[in-house]
Each structure stands twice: as structure tokens, then as C-alpha cells.
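Asks: Residue numbers (this note's numbering): 26 to 257. Think of the CB as a built atom: it goes at the ideal place given N, C-alpha and C, for glycine as much as any other residue.
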Ligand code: SAH
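Given below as C-alpha cells:
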């Protein structure tokens, strides 16, 4: 079943315009035809079966027909991650979406090499991963900022597990209550990052094992460990 994210409200009997990209995907890539069914979700109204009512070059409309899955409470899990090289950042966003992250906070640290972040591009990657992984939501992106700015606005009641290699930290195990994970850049956190983190009471340094993982591996492992006993 093709699942597509839409911005529009979803309700019985509504008609929705596809984006140009969706129309191209349906017609040229997936060779779908008028009358066939797709599933639509928008992050708030659940998942709906919709008929392709019109389909031509670059244009399509959907006739929304029936609710197939009501909106359910989502995982509440934040990921703050040092911006990496472009392809690696893309990978982190895709995997974090598959692993249920609700809020993504790209961050610049002392040793971050990347200069800017294209949030539109990252959001497109997250939408595709949400469609594919049968999520009913797309993670929220915060604009990329300096680490100390993100720490200054971090909600005090949300534990921030900070993945630290080569440290004497406890292994990561889930704890009750709201949580987030912070992963450093390719070169690890710098002394100024450590000073800023040490000042925060919501910070819990954690280890992800005896080997030095690449940042993207650390993100995947950390997100899995944080949720492991609760899923399945
Ligand atoms: N260049 C650094 C390694 C950085 S690894 C060095 O050689 O020391 C990139 C990020 O992944 C780190 O900042 C940390 O957040 C995370 N990470 C990697 N391995 C880890 C481990 N074993 N435990 C906890 N965090 C780890």
C-alpha cells in the first residue's frame, strides 16, 4: 500500500490535491491509475484510504473515503545531534524517524564541520521515512543552533542522555519520564561543549559500549537502547 503524507485536513468525503512530486511518484514511478487506493496521513487525523480521483502529468487528486487507522499517542523522544556531513546527517534523520523520534534538534558543537543545514531537505527525508515506516506523524524539526542555546532552552524535566565515548559513564538504560539523546560530531565533543554540558542538571552522561562508534551508529544504537524493553 502506498502511504503518503499530506498537509491537508483528512475527513470523510474531502478532496485533496497531491503535490507535483506525489503525482509524479504515483503516475510515473509506481504506475498507478485512477480508481486505485492509497493511504494518506497528516500527523493529526489518522490514516485514511483515498481513491485516486484524477491523475495526469504532475497533477493528481485524492477522494478521501475511510479512516483505516485512528491517530494514536506517539512516542515522545527527542534527538539532539551534532550536524554531520550531508549524507550522514541525512542518514541520521532517516533512521531517527524510523526509530520513532518525535523532535529533532540539529546542533552546532565546538568541532562541527558543517556550516549550514537545509531543513526543507531534512524534512523531505523525514516525510519519506515516516511514509515507509508506517508512522502517523512526521518528526518536528527545531532550527539548527549552537549547543549552549539548545541547552539553555532544554526543558528541565526532560532527561538528556549524552553519549560520551571514552568516559566512565553508565551504560544507557531507559528511565521513566520524558527523555532526549545527544550525539556528538565526528570529532567528538570539545572542552567547551563539556563545560556547557557539565552545568546542566538534566544531563546524564551515558556509554554505548567499549568501542568508538561513528556518530550515526551511536544515534541508532542509543535510540534503540532508550526504547528497547518497551516495544514489540
Ligand atoms: N572522534 C572521537 C569519536 C567521536 S564518535 C574519538 O575518537 O574520540 C561521535 C559521537 O558518537 C560521540 O561524540 C558520541 O556522542 C558518540 N559515541 C561514539 N561511540 C560511543 C560510545 N562508545 N559510547 C557513547 N557514545 C559514543
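1. So, at 6 angstroms on beta carbons, what are the nonlocal neighbours of residue 103 in its own chain, with the 5 sequence-adjacent residues on each side left out?
2. Name the residue from 137, 207, 84 whose alpha carbon lies nearest to the alpha carbon of residue 51.
3. With a cut-off of 8 angstroms on the beta carbons, I'd call residue 68 and residue 100 a contact; round off their distance for me.
4. Any chance the CB of residue 191 is under 8 angstroms from a heavy atom of ligand 1?
5. Considering just the uninterrupted stretch of the beta strand (DSSP E) at residue 187, what are its terminal residues?
6. Does the region 228-247 come within contact of the region 176-188, defined as at least 3 CB pairs closer than 8 angstroms?
7. Is residue 207 near ligand 1, going by C-beta to nearest heavy atom under 8 angstroms?
8. DSSP state of residue 172, grouped into three classes?
9. Please confirm whether residue 214 and residue 148 have their CB atoms less than 9 angstroms apart.
10. What three-state label does DSSP hand residue 53 in the structure shown?
11. Is residue 135 a contact residue of ligand 1, with contact defined as CB to any heavy atom under 8 angstroms?
12. For residue 62, tell me which candidate among 37, 131, 88 has the shortest Cα-Cα distance.
13. Please report the straight-line C-alpha distance between residue 156 and residue 28, rounded to a whole angstrom.
14. Apart from the five residues just before and just after residue 225, which ones in its own chain have a Cβ nearer than 8 angstroms to its Cβ?
15. Helix, strand or coil: which one does DSSP assign to residue 243?
16. Under a Cβ-count criterion, where at least 16 other Cβ atoms within 10 Å of its own Cβ denotes burial, should residue 253 be classed as buried or exposed?
17. Beta-carbon within less than 7 angstroms of residue 166's beta-carbon, same chain only, minus the 5 sequence neighbours each way: which residues are those?
18. Around the C-beta of residue 105, are 16 or more other C-beta atoms found within 10 angstroms, so that it is buried, or is it exposed?
Replies: Answer, in terms of the structure:
1. 128, 205
2. With distances taken between Cα atoms, residue 51 lies closest to 84.
3. At roughly 14 angstroms, the Cβ-Cβ gap does not stay under 8 angstroms, so residue 68 and residue 100 are not in contact.
4. yes
5. Note, residue 187: beta strand (DSSP E), 184-188.
6. yes
7. yes
8. helix
9. no
10. Residue 53 falls in the helix class under three-state DSSP.
11. no
12. Measuring from the Cα of residue 62, the nearest candidate turns out to be 88.
13. 5 angstroms
14. 176, 179, 185
15. helix
16. exposed
17. 129, 144, 147, 148
18. Counting every other CB atom within 10 Å of its CB across the protein chains shown gives residue 105 a total of 16 or more, marking it as buried.
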